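For the sequence shown, this note's numbering assigns the number 6 to the initial residue and increments by one for each residue that follows. What follows is a set of notes on a single structure, which appears directly below.
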Amino acid sequence: MRLTTLALLLLATTLSAQTEHGVFMQDIDTRADACANFYDYANGAWRAANPIPASMQRWSRRWAAGEQSKEQLRTLLDDESKRTDWPKGSIDQQISDFYSSCMDKARIDALGTKPIRPLLNEINAIRTSADLQKVFAELHDLQIYPSFGMVSTYDNHNPGFVIARVAATGLGLPDRDYYLKPEKRFADARKKYRAHVTKMFELTGSSHAAAKKASDAIFAMETRLATAQMDNVALRDPASTDHKYAVATLQKFTPHFDWTRFLQHYGVAVDELNVDQPEYMGAVEKELRSTPLSTWKAYLRWNVISKASGNLSAPIAEEQYSFYGKYLGGSKEMKPRWKLCVEADDALLGEALGQRYVERYFPPEAKARMQELVKNLLSAMGDTIRALDWMTPATKARALEKLSTFNPKVGYPDKWTDYSSVAISPSSHWENVVAGLKFGTADDLARVGKPADRGRWGMTPPTSNAYYNPALNEIVFPAGILTPPAFDVHAADAINYGAIGVVIGHEISHGFDDQGAKYDAQGRLKNWWTPEDLKQFHDRTACVSDQFDSYFIEPGIHHNGQLVLGESIGDLAGAKIAWLAFQKAQQTRPAAVIDGLTPAQQFFIAWGQFRGDEVRPETQRLMVQGDPHPIGKYRVIGPLSNLPEFAQAFGCKADSAMVRAKRCVVW
Ligand SMILES: [Zn+2]
């Protein structure tokens, strides 16, 4: 039987009304006014009924879903661990033995700090600068980066190619401001940090006097290093860290570090590399030249203890948590052991664990539906670019060219990382961690000097997150984020476009935010804008920066508009193009009123329910200082209060809080 288009449409409407669900009605705080405070309206009832769990720093349905996928991994690993005859070197053997050894808390506690003794002894035995540099390279193998680190990156000027990058690292506090700024919250953190370092040395066998002396010397050294580092806002400008140096030039610049030997250690044969912060490397050179070896040794020991602590016995793991998790992050207790072990398994063997995860938990129809959504969002971005009234045809053509080269990745990699060389035993947790870290370093640096592998992923499949990579112009959505409330094959289009649709739009828009707009269609850090268009663009992004500067966090703290600019442009443009894509989708799949809410209302509530989270005050302070993402409340209010479609959907008056007098429009 052949159905007419009208009959098909009617059928689709009926079906969608019957089988597809709308927003989470019980989450809405019906006492709140959507036009006054949409953050409370959209999911205030859920947040009131679901306080942040003791071990978490942020909470919402979305965070709960992320933790739920860890429960799935736990079930999977428990099942796999029941069998002990997996073929040696198979991914089942690796992920289950890693998990079992990590779960053996009795053994880990009995060992105390014994696993890192050989490393600490090696540091203690350093007598010369050459010894120091040898140990330094060995610590890099374990992804311990005292003062600086070398990792792979895409060449800003030839992004199809991988180069080595020297990055500034080495601070125990979150960033330079914590060492240098006078505000009480920073001064308090400094005091607590120094006490924490002292305590950690005591827990590894130092006397109080020796521990305090080491802590003082380390803090003074880190403060000198911090002084020479760029701040979080400066670091957001890709041009500020774009410095390619010939190895010979870097060698002249830092004569007290033997780069040839260091590069040889990794088998990295290059003539040049990117030095993110050349001035900072001058400060490192100064430390190598004039800081006593005893201080360097204390600093290296502290870096080892800090990095290893989570894999050692309870007293040391708990002390580390008490500073970073409890004091800085504001959570009330450590995560349960099983969760820490699932996270460690995911961090070190993520594509082995992820392979089993997607087989069990990621349905093929989810991937197909996502690919369709991504296609529609890319098309909406194209319409938006073509319709801009402020951009000249020349720049539009370049923007559209860039859009045409986007590479979307959904769910999981087509080709998995091969971990077969990683030896994982059921008995020794620390050795497993070491094997995983060493593999990660070798795998990363083996890419240097070669063409980019475009099949590679930067997040593991169970990760509840997504990203944009400007060098390869790719947008990536791991399976872990493709669950409710972000995405649901059983939800109405309004919900999927309002939640994951805005996320897709957000990632696409990163290609055109204040950072992404500096990369061209080939992923080169190269201007493609006419001067007039660039000025227009900056005027528009300044509106967003000012908007977020105005958001109050707590007395004395506002959002930093420049720090969160890229993410805020992403949300604003993302919401707009998701809305346009949703309108277009309705031409073939008309949306229905569900639970008394119009499709437009459902769309915006879906964003509020996905993005609105409760954040501990301590974590808010950390985020406002160092996270380029605004806190959830403002990711809901910020973009939506700029959209006339939102005001129309809820009938908001012109003077409502959710209707900005000066609307920002970038894309
Ligand atoms: Zn983003």
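For glycine and all other residues, C-beta sits at the position ideal for the given N, C-alpha and C. All values reported here derive from a predicted model rather than from experimental measurement.
Kindly confirm or deny that the segment 276 to 288 and the segment 389 to 407 touch, where touching means at least three C-beta pairs closer than 8 Å. Between the segment 276 to 288 and the segment 389 to 407 there are fewer than three inter-stretch CB-CB distances shorter than 8 Å, so the stretches are not counted as touching.
Are the beta-carbon atoms of Val171 and Met155 separated by less than 8 Å? Yes, the Cβ-Cβ distance between Val171 and Met155 is below 8 Å.
Is it the case that the Cβ atoms of Ser245 and Met235 are separated by a distance below 8 Å? Yes; because the gap between Cβ atoms is below 8 Å, this pair is in contact.
Measuring from each Cβ to the nearest heavy atom of ligand 1, keep the ones under 6 Å and list them in chain order. Listed by chain position, these are His511, His515, Glu572, Gly575.
Does the Cβ-Cβ distance between Phe191 and Gln614 come in under 8 Å? Not a contact, by the Cβ cut-off of 8 Å.
Terminal residues of the continuous alpha helix (DSSP H) containing Thr80? Where Thr80 is concerned, the enclosing alpha helix (DSSP H) stretches over 66 to 87.
To the nearest angstrom, how far is it from the Cα of Tyr473 to the Cα of Leu378? Computed Cα separation, rounded: 16 Å.
For Ile599, the residue or residues it bridges with in DSSP: Leu602, per the DSSP bridge assignment.
Kindly indicate which residue of Lys249, Val671, Gly637, Arg199 has the alpha-carbon position closest to the one of Asn647. Out of Lys249, Val671, Gly637, Arg199, Val671 has the C-alpha closest to the C-alpha of Asn647.
How long is the line joining the alpha carbons of Val620 and His145, rounded to whole angstroms? Approximately 34 Å, taken between the alpha carbons.
Among Glu292, Lys302, Gln31, which has the Cα closest to the Cα of Asn129? Checking every option, the nearest Cα to that of Asn129 belongs to Lys302.
Glu76: buried (16+ other C-beta within 10 angstroms of its C-beta) or exposed? Residue environment analysis places Glu76 among the exposed positions, since fewer than 16 neighbouring C-beta atoms fall within 10 angstroms of its C-beta.
Within the same chain, show all residues whose beta-carbon is closer than 7 Å to that of Ile131, passing over the 5 residues directly before and after it, in chain order. Here the set comprises Leu137, Val140, Leu298, Lys302.
Exposed unless 16 or more other CB atoms sit within 10 angstroms - verdict on Pro475: Residue burial is scored here from C-beta neighbours: Pro475 has at least 16 other C-beta atoms within 10 angstroms and is therefore classed as buried.
Can you tell me where the alpha helix (DSSP H) holding Pro633 begins and where it ends? Unbroken run through Pro633: none, as it is neither H nor E.
Neighbourhood of Glu277 by C-beta distance below 8 Å, restricted to the same chain and skipping five residues each side: Cβ neighbours of Glu277 beyond the five flanking positions: Ile168, Lys249, Tyr250, Ala251, Val252.
Go ahead and label Gln269 buried or exposed: buried means 16 or more other beta carbons lie within 10 angstroms of its beta carbon, across all protein chains shown. Per the 10 Å Cβ criterion, exposed.
Asn470 classed as buried or exposed, judged by whether at least 16 other C-beta atoms fall within 10 angstroms: Classified as exposed, Asn470 has fewer than 16 neighbouring CB atoms from the shown chains inside 10 Å of its CB.
Could you spell out where the beta strand (DSSP E) holding Arg170 opens and where it closes? Here the beta strand (DSSP E) through Arg170 covers 163 to 173.
When burial is assigned at 16 or more other CB atoms within 10 Å of the CB, is Ala392 buried or exposed? With fewer than 16 Cβ atoms within 10 Å of its Cβ, Ala392 is classed as exposed.
Residue ranges of each beta strand (DSSP E) within the segment 200 to 250, 3 or longer: As far as the segment 200 to 250 is concerned, it has no whole beta strand (DSSP E) run of at least 3 residues.
Could you have a look at Val453 and say whether DSSP puts it in helix, strand or coil? For Val453, the three-state secondary structure derived from DSSP is coil.
Nearest-angstrom beta carbon gap, Glu479 and Pro418 [assumed within contact, 8 Å]: About 12 Å separates the two Cβ atoms, so there is no contact after all.
Can you give me the Cβ contacts of Arg52 inside the same chain, cut-off strictly under 6 Å, excluding the 5 residues immediately before and after it? Excluding residues within five positions, the ones whose Cβ falls inside 6 Å are Glu619.
Starting from Leu577 and walking both ways along the alpha helix (DSSP H), at which residues does that stretch end? Counting along the chain, the alpha helix (DSSP H) containing Leu577 begins and ends at 570 to 590.
Residue environment, Glu227, which counts as buried when at least 16 other CB atoms sit within 10 Å: Counting C-beta atoms within 10 angstroms of its own C-beta, Glu227 has 16 or more neighbours from the protein chains shown and is therefore classed as buried.
Assign Asp576 to one of two classes, buried (16 or more other C-beta atoms within 10 Å of its C-beta) or exposed (fewer than that). Answer is buried; the Cβ neighbour count reaches 16.
Among Ala274, Leu293, Met61, Ser425, nearest to Pro260 - alpha-carbon criterion: Its Cα nearest to that of Pro260, the residue Leu293 stands out among Ala274, Leu293, Met61, Ser425.
Might you give, ordered along the chain, the residues of its own chain that have their beta carbon closer than 7 Å to the beta carbon of Trp680, omitting 5 neighbours on each side? The structure shown does not extend to residue 680, since the chain spans only 6 to 672, so no value can be given for it.
Using CA coordinates, which residue listed in Leu354, Ala231, Arg616, Ser101 is at the minimum distance from Gly445? The candidate whose alpha carbon is nearest that of Gly445 is Leu354.
Reference Gln73, options Ala142, Ile486, Pro243, Ser384, closest by Cα: Relative to Gln73, the option among Ala142, Ile486, Pro243, Ser384 whose CA is nearest is Ile486.
Any idea if Ser101 is buried or exposed, counting beta-carbon neighbours within 10 angstroms, 16 or more meaning buried? Burial call: buried.
Through-space distance from Arg112 to His634, alpha-carbon basis: CA-CA distance, His634 to Arg112, rounds to 40 Å.
Exposed or buried, Lys667, counting other C-beta atoms within 10 Å across all chains shown (16 or more means buried)? Its Cβ having fewer than 16 others within 10 Å, Lys667 is exposed.
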